[in-house]
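Every letter in the sequence shown is one number past the one before it in this note's numbering, and letter 334, counting from 1, is 326.
Just so you know, even glycine gets a beta-carbon here, dropped at the ideal spot from N, CA and C.
These numbers come from a predicted model, not from an experiment.
Working notes for the structure below.
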Amino acid sequence: MAFDYSVHKLTGSIQHYSWGGTSFLPHLLSVENPNHKPFAEYWLGVHAGGPASVEVNQQSVLLSDIIASNPTEALSAPVFEHFGGLPYLFKVLDVKDMLSIQVHPTKEYAKLAFENEEAAGVPLTAPNRNYKDQNHKPEIMLAMSEFWLLHGFKSEAKILDTLENTAEFQVLAPLFKADGLKGLYQFLMEMEQAQVDSLLSPVVKRALRNKQDGKIDKASPEWWVAKLYENGAGITPVDRGVFSIFLFNIVCIQPGQGIFQDAGVPHAYLEGQNVELMANSDNVLRGGLTPKHIDVPELIKNIKFEHIEPVIIEGTKPCMGESVYPAPTSDFGIATISLDGSFAYSHQAQSIDMFLVVDGGCIVNNQMSVKTGEAFVVFPGTSIELNSSGKTLIYRAFVPSLGAYSQHEEN
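Structure representation (structure tokens):
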């Protein structure tokens, strides 16, 4: 029986990573969680680690199988020719505990490094494998709540101020002045663990006292250091990722705002809920705040050692009810749709579009109803009309027109 490439409900996969919260995603997805299991991420895509499925004749079929059976019809000819598959992964995250210090490679570097690991015979499933594919992993996130993250290095003036006004770090100021940001960061990341403990233990203890006494807030690096260690499990060995908390920008994003993170920009999510859209890749180089594999030399090779001024993205409004958040990549685009019952939203998909309802509900083409926590996929060339009886918020993931990206992309 031929598949109808039009509109179908889409069910994603839940990831139970330890850093996730226990109530936000279960509430969003209407899932019971009596054992308070962590619900960290909800994935909508074709990633093998959590594939989504399409509802077909009351049966579930993997979206990856639907695409594989007729990729030109499922993705559009330009998208299939350019990417060879679905180029993005759509997620919802609930960050209760901070994520790892990490950076993503450029596409050019990822291709070379992947081939090197393949030639060396490192299994794809090996815990010490850095490059799982040949792709880059730019990503954009939109905040669903007040969201805190680390994003890029602070300015040289702010870093010097941090070093000179933190007693334990004053010894590092001459090194920073002589060898610059890369020299300082590489020295800290390659430091022997005994030295890390000696330098950071008093920093952690002071942070715990100051947070307990209410002397600091979330804009302070100490607040996040204290959160990392206030569970009483002991301080040493101190995670060297603490250095990054002091050297990176601490950014707060409000609901409806976003931020884009390109190759080479070091970052870490600290707290909150967001919708995240990224290139379909597993290439993550980690530098701390994680039990996962850390590879400092690879991290150093891929980091942009320069000041990054965080750019908070506000949506532009191409039509009534829709806000599009610009991202400088051809792999994906993201928009929000806000309905209030007073108008219908009309759209024709140019690529494979995914819609996720996060508040309220609507009727699609006067045929299919979707409510909070439900998603649907719209295949290329299909026109839809969304109607709601009240306030509804929907996120839309898509592949932008490739015309603007006809030149070779470095990342």
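Residue 228 classed as buried or exposed, judged by whether at least 16 other C-beta atoms fall within 10 angstroms: exposed
Relative to the C-alpha of residue 31, which residue among 170, 52, 20, 7 is closest? 7
Nearest to residue 299 (by Cα), restricted to the options 339, 337, 152: 152
Whole angstroms are fine: how far does the CA of residue 201 sit from the CA of residue 306? 37 Å
Taking residue 196 as the reference, which of 175, 182, 221 has the closest Cα? 221
Can you name the residues that DSSP bridges to residue 86? 265
From the DSSP secondary-structure annotation, give me the bridge partner or partners of residue 314. 311, 329
From what residue to what residue does the beta strand (DSSP E) around residue 370 run? 367 to 370
If you drop the 5 nearest sequence neighbours on each side, which residues of the same chain put their C-beta closer than 8 Å to that of residue 61? -5
Which same chain residues, not among the five before or five after residue 106, have their C-beta less than 7 Å away from its C-beta? 123, 125, 126
Just list the beta strand (DSSP E) runs in the region 281 to 311, keeping only unbroken ones of 3 residues or longer that don't cross its boundaries, in chain order. 308 to 311
Ordered along the chain, which non-local residues of its own chain (more than five positions away) have a Cβ less than 7 Å from that of residue 361? 353, 355
With a threshold of 6 Å on Cβ separation, who are the neighbours of residue 396 within its own chain once the five nearest residues in sequence on each side are excluded? Here residue 396 scores only 47 on pLDDT, less than 50, and its place in the model should not be relied on; the value that follows carries that caveat. Within the same chain, residue 396 has no close Cβ partners at all.
Determine the direct distance from the alpha carbon of residue -1 to that of residue 84, and round the result to whole angstroms. 21 Å
Are residue 168 and residue 155 close, meaning C-beta to C-beta below 7 Å? yes
Look at the alpha carbon of residue 411 and the alpha carbon of residue 376, and state the distance between them as a whole number of angstroms. With the chain covering only -7 through 403, there is no way to say anything about residue 411.
What is the DSSP secondary structure of residue 382, reduced to helix, strand or coil? coil
How would you call residue 49, buried or exposed, if buried means at least 16 neighbouring beta carbons within 10 angstroms? exposed
If we require 4 or more residues per run, which alpha helix (DSSP H) segments fall completely within the region 13 to 91? 16 to 21, 55 to 61, 63 to 67, 69 to 75
Counting along the chain, where does the alpha helix (DSSP H) carrying residue 2 start and finish? First-last for residue 2: -1 to 3, but that is the beta strand (DSSP E), not the alpha helix (DSSP H).
Assuming residue 250 and residue 81 are in contact, meaning their beta carbons sit under 8 Å apart, how far apart are those beta carbons, in whole angstroms? That pair is no contact at about 16 Å.
Taking its Cβ as the centre, do 16 or more other Cβ atoms sit within 10 Å of residue 56, making it buried, or is it exposed? buried
When DSSP labels each residue in this structure, what does residue 177 get in the three-state scheme? helix
Spatial neighbours of residue 5 in its chain, beta-carbon cut-off 6 Å, leaving aside the 5 residues before and after: 35, 42
Can you find the residues in the same chain that come closer than 7 Å, C-beta to C-beta, to residue 304, ignoring five residues on each side of it along the sequence? 245, 249, 251
Three-state secondary structure assigned by DSSP to residue 196: helix
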